[in-house]
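Undergrad:
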Amino acid sequence: MNLIISLIYAPIVLFSLKYFDIKTASIYIFIFSFFWFLLNMKKGLKEYGFSILYMIFALVAYFIENSLFLKITPSILAFIVTTFVLYSYLSKSSFVIYYIEKFKKNLSIEDKIYLQNSTLFWFFVALTNLLLHIFILYYNDILIWTIYSSFAWYFVFIFGLIIQIIHKKLFFKKENYA
0 MNLIISLIYA
10 PIVLFSLKYF
20 DIKTASIYIF
30 IFSFFWFLLN
40 MKKGLKEYGF
50 SILYMIFALV
60 AYFIENSLFL
70 KITPSILAFI
80 VTTFVLYSYL
90 SKSSFVIYYI
100 EKFKKNLSIE
110 DKIYLQNSTL
120 FWFFVALTNL
130 LLHIFILYYN
140 DILIWTIYSS
150 FAWYFVFIFG
160 LIIQIIHKKL
170 FFKKENYA
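Numbering (numbering that gives the first Met the number 0), first residue to last: 0 to 177.
1. Which term fits N116, buried or exposed, when burial requires 16 or more other beta carbons within 10 angstroms of its beta carbon?
2. In whole angstroms, what is the alpha-carbon distance linking L13 and P73?
3. In terms of alpha-carbon separation, which member of K22, V124 and L52 lies closest to F36?
4. To the nearest angstrom, report how far apart F34 and I28 are at their CA atoms.
5. Going by other Cβ atoms of all chains shown within 10 Å of its Cβ, with 16 needed for buried, is S15 buried or exposed?
6. Could you check if L194 is buried or exposed, using at least 16 other CB atoms within 10 Å of its CB as the buried criterion?
7. So for G43, helix, strand or coil by DSSP?
8. Could you check what DSSP says for I99 in three-state terms: helix, strand or coil?
9. Using three-state DSSP, classify S90 as helix, strand or coil.
10. Starting from E109, trace the alpha helix (DSSP H) both ways and give me its first and last residue.
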């Protein structure tokens, strides 16, 4: 559900700011986020936490009357993801292993060591995404912001995945991890 919302949030902000004043746009974003919250309330903080963040920024945008607070939300989410990946690396509890094991149950010890070591790479991928979010926000073109914040940022992670797959195929030798 969070994936779908992240795809449509920026276009909703673009549409709202194009046709309404900041206060009205903030109200629409708040209502949208509130319904999202209600749909995910029983699923746990991981699911409804993002909607709370969107509601908070909509309220701040409403009272301060500045659209930056609507547009900064994807950057804040990118910061949270980057921080999470760095924490995952430093605590030696790789999120990559967690997600792979959800889809592929049989990971060898060598694969787990390789993936834990690659978590630092994913930190830099996430950091690149964060820096791109900030740059695009600073650039102040709402159309470019909408494109990047809705779907283009996925390409940063897809590119990172392609690099990791190529790296593993070319350089990963299981005997080095045994």
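Backbone N, C-alpha and C fix where the C-beta goes; we use that ideal spot for every residue, glycine too. Here the structure is a predicted model, which is why all the values come from computation and not from measurement.
TA: This is what the structure gives:
1. The residue labelled residue 116 in the question sits at position 117 within the sequence shown. Exposed is the call here.
2. If you number the sequence shown from 1, residue 13 lands on position 14. If you number the sequence shown from 1, residue 73 lands on position 74. So the two alpha carbons sit approximately 13 Å from each other.
3. Locating residue 36 in the sequence shown gives position 37, counting from the first residue. For F36, the nearest C-alpha among the options comes from L52.
4. Mapped onto the sequence shown, residue 34 falls at position 35. Mapped onto the sequence shown, residue 28 falls at position 29. Each residue's alpha carbon lies about 10 Å from the other.
5. If you number the sequence shown from 1, residue 15 lands on position 16. Looking at its Cβ environment, which holds 16 or more other Cβ atoms inside 10 Å, S15 is buried.
6. Nothing can be reported for residue 194: it is not among the residues displayed for the chain, which extend from 0 to 177.
7. Position 44 of the sequence shown, counted from the start, is the residue given in the question as residue 43. Coil.
8. Position 100 of the sequence shown, counted from the first residue, corresponds to residue 99. Residue state, collapsed to three classes: helix.
9. Counting from 1 along the sequence shown, the entry for residue 90 is found at position 91. In this structure, S90 counts as coil in the three-state DSSP scheme.
10. Mapped onto the sequence shown, residue 109 falls at position 110. Residues I108 to Y138.
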